[in-house]
Every structure is written in C-alpha cells, then in structure tokens.
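Protein chains in written order, with my numbering: chain A, 11 to 187; chain B, 8 to 225.
Every residue gets a Cβ at the ideal spot worked out from N, C-alpha and C, and that includes glycine.
Everything below concerns the one structure shown next.
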Ligand SMILES: [Zn+2]
Ligand SMILES: [Zn+2]
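Written out as structure tokens, the structure is:
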C-alpha cells in the first residue's frame, strides 16, 4: 500500500510528460541475494566496466534496497542452493539500435530467472556517467524492472546511474521482507 | 492484453525429459504451444531502444519507411564478447512500397539483426526474441522504420547492411488482410500507455501509409 501511494505521488510529480508507466513485470531474480561475476571473454572490458558494476551493486542495490549483493568467483557450483551466479556481465559491439541488453539465460518456472546475461554496448566514446547509468539500468532489469517510465532513476532515464524512490519502492516491494 | 511469460524454455525441456513428451500438450499454455509449433526454442531479451510518443515523431526520426518482404538472411557477423556466442544476420528486404524516404519498389535494403545463439559446434541455437520480436524470417512481409547505417558501424559484417532499425516500435508484420501488427511485449499492465508499436497494431496499411506520408511531408 505504501508503494502504491508512493507511486501515485511520483506519477503526479512526473505529470509534465505523458504517463508511460513501468512495472516490475519482467522476470525477477530467484532470491534477494543477487550474485554477480565478470563473464567477459575480452580482458580489456574488465577495467572499463568492472568498477562500475561493483559500484552499482555495492552502492546502489546493496546500500539502498532490501536486495543483498555479492561478487563471486564461480559460474556454477552444484553445492549451492542457487547454483548459478545470478548475473554474468560483459561488453560487446552490439548491432544498432544500440543499447544494452539483458537476457534470462536460465528461466525458472513461473517468472523467476536463475541466471542472467547482461551485455553492455561497447561504445568507446561514451562518457563515464553515461556508462554508470547504463550499468544501473541493465542491472535493474535483472531484478524485474521493465522499461517505460521517464521519471529519472535507473529505469526512468537517469541520467547519473542512481536509484530514485520509484526504483527503490519497486525493488523493496518485490524483495523486501 | 498483456502477454505474460508464463513458462520457460528450460522448464519445457525439463517437462519434456520427465514426461517423454506425452503430457506436453497438457502442461503448457496456448502461447507456449504456439512457440513449440513454429520452430524450436526461444530466448527472451530486453534491449534498449529509442521510444516515440507518436507515429508522426517516429516517422520524422526515420530516413526510410518501407513495406517489403524478407528476401534472405545474408551473412553478417558473430558476437563473441562473453560467455555465449550469437549471430547477427543482415536481413535483406525487397521493397514493395515506399511509405517515406528515398527508395523505389524493387530496391533491396538491409539491416542487422541478432537472430540466434550459436552452439559450440557453430550451428544455430535458440532463436532470440528481442523485446518479444522474432527475427524477420525470409518470405515475411513487414513494415519497418529505418535509418541509414553510420559509416563506423557493422564494418566487420560479411554483407554490410545499408540501414538499421530506428526503433523496435517501428517493426511490424503485415497480416493477410493488410493490417500491421507489432510483436512487442506489452509491459504496461493496464497502467499508462502501451508502447507505440502496440498502439499502432491493427492499423490498415493504407492508413499507416497515409499518416507516415503526412508526417514526412510536414
Ligand atoms: Zn552464463
Ligand atoms: Zn531497459
């Protein structure tokens, strides 16, 4: 109910642009522990994107929401309850229309996802702030966010790669206890 | 209207293995059956793209809008930056009608499309649905909003495309009775406006053509 009220307030605040809602109706993560690792086959991606992924996971998701994050050093480990790392990320020169993409590589029954592939569009001319926004945006897709809003934050266009109240309300609505 | 993703390819595989296929028809929904029928496993992907509020805006932001049919998938390039590999094909279409822009019926234009995964043996794997949209298949009739390909893109493609898809809101299949249909997934869930592609679904090609021409002329 709090979420609904908050969203109502935000919708009113953003009334200058047409109301294009977004929802958390995409596939969502399999638990509130969101693990990640670098799945790049090209070592030069790591210093460019790696620190930003770590920054978003630590300082946006972990610090501001009910979702816990952990960097892991495995792709698959049979001894764990959720054996696949949740996010494997890399960068690539993607075909136009240019933009990051998020794929549920191992869908679970219902609408959860065991293992995501997040690929950033490797654009050397992109400023650092633009990259941070893109990283935050794609990672929110792995938590179930859909595109559509334009009220800032990580899903609604940023631009600085920081969660806004709308993002946080959705995430906590889904993963909060 | 919202097309819910109810089940999954891996679950389907699991079901198939467990039941040896006997109960499949009873275990999957109508949408899933359709997917099994029209060819192989799929994988769903979100992709960022430019959104437009109206047909007019989308037409103005495009260099070329055509009705055509897919002639073939020319070889493009392989994406291999990470854990999985996939194939970007160059979709070549023969123009039947120019709705806006500088081209003529009979011309061939093309655009890149990440069509499917590549298995370790190099054979095509799962078909990639981008925002719900299937790769435009040879023979398929479609309306597509295109932009000229910048010189710095797709340089490594075997057959370099002439254009690229301006927005996933501007890719439509055409039904037998001349109506356009977007395969975009609708996430609006009844709140807010559906995506533009979905809002334009059901429009007759003559009406779409008229509105695009009007926008291009304004
Ligand atoms: Zn993986
Ligand atoms: Zn997105």
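Give me the Cα-Cα distance between residue i and residue j, rounded to the nearest whole angstrom.
| i | j | result |
| --- | --- | --- |
| residue 47 of chain B | residue 130 of chain B | 13 Å |
| residue 174 of chain A | residue 142 of chain A | 14 Å |
| residue 133 of chain B | residue 98 of chain A | 19 Å |
| residue 177 of chain B | residue 218 of chain B | 14 Å |
| residue 76 of chain B | residue 181 of chain B | 10 Å |
| residue 60 of chain B | residue 203 of chain B | 6 Å |
| residue 82 of chain B | residue 105 of chain A | 14 Å |
| residue 79 of chain B | residue 171 of chain B | 16 Å |
| residue 150 of chain B | residue 50 of chain A | 36 Å |
| residue 89 of chain B | residue 112 of chain A | 13 Å |
| residue 171 of chain A | residue 111 of chain B | 44 Å |
| residue 222 of chain B | residue 102 of chain A | 35 Å |
| residue 164 of chain A | residue 38 of chain A | 16 Å |
| residue 35 of chain A | residue 105 of chain B | 37 Å |
| residue 71 of chain B | residue 169 of chain B | 11 Å |
| residue 153 of chain B | residue 118 of chain A | 36 Å |
| residue 100 of chain A | residue 183 of chain A | 29 Å |
| residue 75 of chain A | residue 185 of chain A | 9 Å |
| residue 101 of chain B | residue 54 of chain A | 40 Å |
| residue 115 of chain A | residue 93 of chain B | 13 Å |
Tell me whether residue i, by its Cβ, gets closer than 8 Å to a heavy atom of ligand 2.
| i | result |
| --- | --- |
| residue 53 of chain B | yes |
| residue 112 of chain A | yes |
| residue 157 of chain A | yes |
| residue 147 of chain A | yes |
| residue 165 of chain A | yes |
| residue 151 of chain A | yes |
Just checking: is the beta-carbon of residue i within a distance shorter than 9 Å of some beta-carbon in chain A?
| i | result |
| --- | --- |
| residue 190 of chain B | no |
| residue 157 of chain B | yes |
| residue 216 of chain B | no |
| residue 154 of chain B | yes |
| residue 202 of chain B | yes |
Please confirm whether residue i has its beta-carbon closer than 9 Å to some beta-carbon of chain B.
| i | result |
| --- | --- |
| residue 63 of chain A | no |
| residue 114 of chain A | yes |
| residue 144 of chain A | yes |
| residue 107 of chain A | yes |
| residue 147 of chain A | yes |
| residue 157 of chain A | yes |
| residue 104 of chain A | yes |
| residue 180 of chain A | no |
| residue 151 of chain A | yes |
| residue 127 of chain A | yes |
| residue 175 of chain A | no |
| residue 111 of chain A | yes |
| residue 117 of chain A | yes |
| residue 98 of chain A | yes |
| residue 161 of chain A | no |
Under the DSSP definition of a beta bridge, which residues are partnered with residue i?
| i | result |
| --- | --- |
| residue 180 of chain A | Answer is none; residue 180 of chain A lacks a bridge partner. |
| residue 241 of chain B | Chain B is shown only over 8 to 225; residue 241 of chain B falls outside these bounds and no answer can be derived. |
| residue 160 of chain A | Residue 160 of chain A pairs with nothing; no bridge assigned. |
| residue 148 of chain B | B:76 |
| residue 59 of chain A | For residue 59 of chain A, which the question treats as bridged, DSSP gives no partner whatsoever. |
| residue 111 of chain A | A:129 and B:54 |
| residue 123 of chain A | A:39 and A:117 |
| residue 179 of chain B | B:150 |
| residue 118 of chain B | B:98 |
| residue 97 of chain A | A:46 and A:126 |
Residues passing the C-beta test against ligand 4 heavy atoms, cut-off 5 Å: As for ligand 4, it is missing from this structure, which binds only ligand 1 and ligand 2.
Mind listing which residues of the region 82-114 of chain B have their C-beta closer than 7 Å to chain A's C-betas, in chain order? 86, 87, 88, 89, 90, 91 and 95
Using a Cβ-Cβ cut-off of less than 7 Å, give me the residues of the region 47-59 of chain B that come near chain A, in sequence order. 50, 51, 52, 53, 54, 55, 56 and 57
Members of the region 116-148 of chain B near chain A, C-beta cut-off 9 Å: 118, 119, 120, 121, 135, 137 and 138
May I ask you to list, following chain order, the residues of the region 159-182 of chain B that have a beta carbon less than 8 Å from some beta carbon of chain A? 160, 161, 171, 172, 173, 174 and 175
Please list, in chain order, the residues of the region 34-53 of chain A that have any C-beta partner in chain B closer than 8 Å. 35, 36, 37, 49, 50, 51 and 52
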